[in-house]
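**Student:** Using full-length UniProt numbering, the letters of the sequence shown correspond one by one to residues 1 to 531.
Glycine included, each C-beta is placed from N, C-alpha and C at the ideal position.
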Amino acid sequence: MTITDDGVINQREHHVYLKEINNILEANDIARLREVFSIENGLINNEIREQTWPIMIKSNTVDVPNCDELGNDCRDSEQVKKDVDRSFLHVDDSLHDVVSLRKRLYNLILKVLVALPELNYYQGYHDIASIVVLVFKDDILAYRFLYCLSVKYLRDHMMCNLSPTMSQLDLIPELMEKIDPELHKVISNAHPIYALSSIISLFTHNFSNVNHAVMLWDFIFFKDSPQMILYIYVAMLKYFKDEIVLELGEMSSFSLSKDSKSFDMDSVHAVLNNFISKHFKEFSTHSKNDLANVLALADHLSKKHSLTKLKTFHSISKYSFLNRKTYSLVILRLQSKETLLHQRKTGKNKNTHKKFRLVYFLLGSKLYMFKLSIGVGIIGIVINGLLRDGSCINQGYTNAQAAFAVFFGDNDPRNISQKLSSKREQDVLVAELEAIRHALISILKELNHPKNQDRKMAFTIYSDSTSAIEWVTGFHSPRRNMASTVDSCRYYYSQVKARTSLSILHVDAHTNVHGNERADNMAYLEACTYI
């Protein structure tokens, strides 16, 4: 039902709008449906969405493998099961059978992944599939829709690595500069990785209330444009600009960069990681109006600023869904092959040494930057008396040794340096993962400390290892021999995520950050004690 500004439910307006949509659906007049669609009202209810969404993204006309003939033999089934078990936490138990919903969700995801073996599961995909399960009562329609949605709107994020997604994120700063140069300058020091979870989850990560998500999806599907996802994110930045700048300004005395025109990377990530969720906690008249205004702004921006005219758009694959509204399995396979070749060519999946930093705390309503940092230096490897930082030359020899370190600060008693147990494989990736695990445990100790009980806290970990980020966050599944170590990391990762804001961000190696360099040295010295 439509809710007016004074909070009164306008049943007559609701009835007229609903009747018109039903009449249009009966007449199969899609052009008219797009004309009468209202951003403010969306599609009213899930019954209409179940009929309309497939029409809008054309999943009702696409040939898909028969789901009854597909098994559940999927390489990512274990990770899917873990994510599904954490799904529907905000669903009203009195209205839904959560156990049944999770069973449907698990089967739906596996069916689509089996049907599309070129695509890889990632953490956040289950949030998208959860919305599909709630909207579609018919499992076959749900399967057809998620299959089509995955290929048309998500495939860039489901390649063998993050490079297609990162290319999309790189469009955001340039687009922001054209739309609002002032805001762009304020946040320019931060890489747009802050937008990652919003983009790859179609904003489901930002909304605890399903009504916000389906209202936004109504708009995206009616526009039938995957590009609209980026426009919506930039519209969010523009719409909430004053609040963003105000929150950043509260820490200006210690987090402004030297040119006094932009804020440092850590501050920007701290604010932008949560600004959407902060404004859409509850579904209300106010939040509904805010979202409608954001979507209207995104529509306006899409007509005024073309993504294809951006300089950074040249890095977008010709097979990307940003470049092609139509798709086929041939295009999907070509894109998958292209991404794999790019990975091999650039060597981005090489396991170089890892660095982490814990960079800030949120205290009360203000963000205070502490000089306390956690650096995790990986790895000292000693082979035949030769020390290598983060490399695996001659890895596997009996005289190899790996070590890691966690650095809080100079002379801080919480600093840790430790060799891998002789019972563990002396592998650089194992040591990297152990460093992550100890960093997460250290964060949990900080959260549990009595002095922090009433503090609102947030953490960012920076890493130069793509593999470790993707494994720990669940974006991709690890190698089989790493599974138990990764599971342990994911356990602590989920524990931290459940209690506070946590981001793991990619940075280039050897950036001369004091905490990271100190952690490296600690790890090297620890490994050298083996000689």
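Report buried or exposed for Lys278, applying the criterion of at least 16 other Cβ atoms within 10 angstroms of its Cβ.
**Tutor:** The sequence position of residue 278 within the sequence shown is 278, counting from 1. It is exposed - the Cβ of Lys278 has fewer than 16 other Cβ atoms within 10 Å.
**Student:** In three-state terms, what does DSSP make of Gly42?
**Tutor:** The residue given as residue 42 occupies position 42 in the sequence shown. If DSSP states are grouped into helix, strand and coil, Gly42 belongs with the strands.
**Student:** If we ignore side chains and look at the alpha-carbon of each, how far apart do Asn349 and Asn120 end up?
**Tutor:** Translated into the one-based positions of the sequence shown, residue 349 becomes position 349. Translated into the one-based positions of the sequence shown, residue 120 becomes position 120. Bear in mind that the predicted position of Asn349 carries a pLDDT of just 43, short of 50, making it unreliable; the figure below should be weighed with that in mind. Spanning the two alpha carbons is a distance of roughly 16 angstroms.
**Student:** Tell me the DSSP secondary structure of Thr61 in three-state form.
**Tutor:** Position 61 of the sequence shown, counted from the first residue, corresponds to residue 61. Coil.
**Student:** Could you name each continuous alpha helix (DSSP H) segment of 4 residues or more that falls completely within the stretch 164–200, going from the start of the chain to the end?
**Tutor:** With a minimum length of 4 residues, the continuous alpha helix (DSSP H) runs that stay inside the stretch 164–200 are 171–179, 181–187, 196–200.
**Student:** Please list the terminal residues of the continuous alpha helix (DSSP H) segment that includes Thr466.
**Tutor:** The residue you call residue 466 lines up with position 466 of the sequence shown. Note, Thr466: alpha helix (DSSP H), 466–472.
**Student:** Ala435 and Phe404 - do their beta-carbons sit closer together than 8 angstroms?
**Tutor:** Indexing the sequence shown from 1 puts residue 404 at position 404. Indexing the sequence shown from 1 puts residue 435 at position 435. Yes, these two residues count as a Cβ contact at 8 angstroms.
**Student:** Rounded to whole angstroms, what's the CA-CA distance from Leu340 to Leu105? Just pull it up for me.
**Tutor:** For the purposes of this step, residue 340 is identified with residue 340 of the sequence shown, where counting begins at 1. For the purposes of this step, residue 105 is identified with residue 105 of the sequence shown, where counting begins at 1. Spanning the two alpha carbons is a distance of roughly 29 angstroms.
**Student:** Hey, Lys132 and Phe145 are a contact pair by Cβ (cut 8 angstroms); roughly how many whole angstroms apart?
**Tutor:** On the sequence shown, position 132 is the one that residue 132 refers to. On the sequence shown, position 145 is the one that residue 145 refers to. According to the sequence provided, residue 132 is Val. The question's Lys does not apply to it. Between Phe145 and Val132 the Cβ distance is about 6 angstroms, and since that is below 8 angstroms, they are a contact.
**Student:** So does the stretch 153–167 actually touch the stretch 236–250, counting three or more Cβ pairs closer than 8 angstroms?
**Tutor:** Cβ pair count under 8 angstroms is below three, so no.
**Student:** So which of Glu250, Leu18, Ser59 has the shortest CA-CA distance to Leu43?
**Tutor:** Your numbering for residue 43 matches position 43 in the sequence shown. The candidate whose alpha carbon is nearest that of Leu43 is Leu18.
**Student:** In whole angstroms, what separates the C-alpha of Asn384 from that of Glu526?
**Tutor:** Taking the sequence shown and counting its residues from 1, one reaches residue 384 at position 384. Taking the sequence shown and counting its residues from 1, one reaches residue 526 at position 526. With a pLDDT of 29 at Asn384, under the threshold of 50, the predicted position of this residue should be treated as unreliable, and no value is reported.
**Student:** Between the beta-carbon of Met263 and the beta-carbon of Asn189, is there less than 8 angstroms?
**Tutor:** Indexing the sequence shown from 1 puts residue 263 at position 263. Indexing the sequence shown from 1 puts residue 189 at position 189. Note on residue identity: the sequence assigns Phe, not Met, to residue 263. Yes, these two residues count as a Cβ contact at 8 angstroms.
**Student:** Can you give me the C-alpha to C-alpha distance between Glu432 and Ala468, rounded to a whole angstrom?
**Tutor:** As a working note, residue 432 is residue 432 in the sequence shown. As a working note, residue 468 is residue 468 in the sequence shown. Roughly 7 angstroms separates the two Cα atoms.
**Student:** Could you give the DSSP three-state label for Tyr491: helix, strand or coil?
**Tutor:** Looking up residue 491 in the sequence shown gives position 491. The answer is helix: DSSP assigns Tyr491 an H, G or I state.
**Student:** When the Cα of Glu69 is compared with those of Phe136, Ile140, Arg32, Ser77, which residue comes out closest?
**Tutor:** Position 69 of the sequence shown, counted from the first residue, corresponds to residue 69. It is Ile140 whose Cα lies nearest to the Cα of Glu69.
**Student:** Go ahead and label Gly474 buried or exposed: buried means 16 or more other beta carbons lie within 10 angstroms of its beta carbon, across all protein chains shown.
**Tutor:** Locating residue 474 in the sequence shown gives position 474, where the first residue counts as 1. So Gly474 counts as buried.
**Student:** Could you tell me which residues DSSP puts in a beta bridge with Thr460?
**Tutor:** Counting from 1 along the sequence shown, the entry for residue 460 is found at position 460. Thr460 is bridged to Ser503.
**Student:** Which residue marks the beginning of the beta strand (DSSP E) containing Ile416, and which one marks its end?
**Tutor:** For the purposes of this step, residue 416 is taken as the residue at position 416 of the sequence shown. Unbroken beta strand (DSSP E) run through Ile416: 416–419.
**Student:** So what does DSSP say about Phe407, is it helix, strand or coil?
**Tutor:** Here the question's residue 407 lines up with position 407 in the sequence shown. If DSSP states are grouped into helix, strand and coil, Phe407 belongs with the strands.
**Student:** Might you give, ordered along the chain, the residues of its own chain that have their beta carbon closer than 6 angstroms to the beta carbon of residue 536, omitting 5 neighbours on each side?
**Tutor:** Here the chain comprises residues numbered 1 to 531, so residue 536 is not present and cannot be evaluated.
**Student:** Give the list of continuous alpha helix (DSSP H) stretches no shorter than 4 residues that lie fully inside the stretch 83–155.
**Tutor:** Entirely contained in the stretch 83–155, the alpha helix (DSSP H) runs reaching 4 residues are, in chain order, 98–115, 125–135, 139–149.
**Student:** Are the CB atoms of Tyr143 and Val114 within a distance shorter than 8 angstroms?
**Tutor:** On the sequence shown, position 114 is the one that residue 114 refers to. On the sequence shown, position 143 is the one that residue 143 refers to. Contact flag unset, no.
**Student:** Give me the Cβ distance between Leu169 and Ile187, rounded to the nearest whole Å; I'm assuming they're in contact under 8 angstroms.
**Tutor:** By 1-based counting over the sequence shown, the position of residue 169 is 169. By 1-based counting over the sequence shown, the position of residue 187 is 187. The Cβ separation is near 13 angstroms, so there is no contact.
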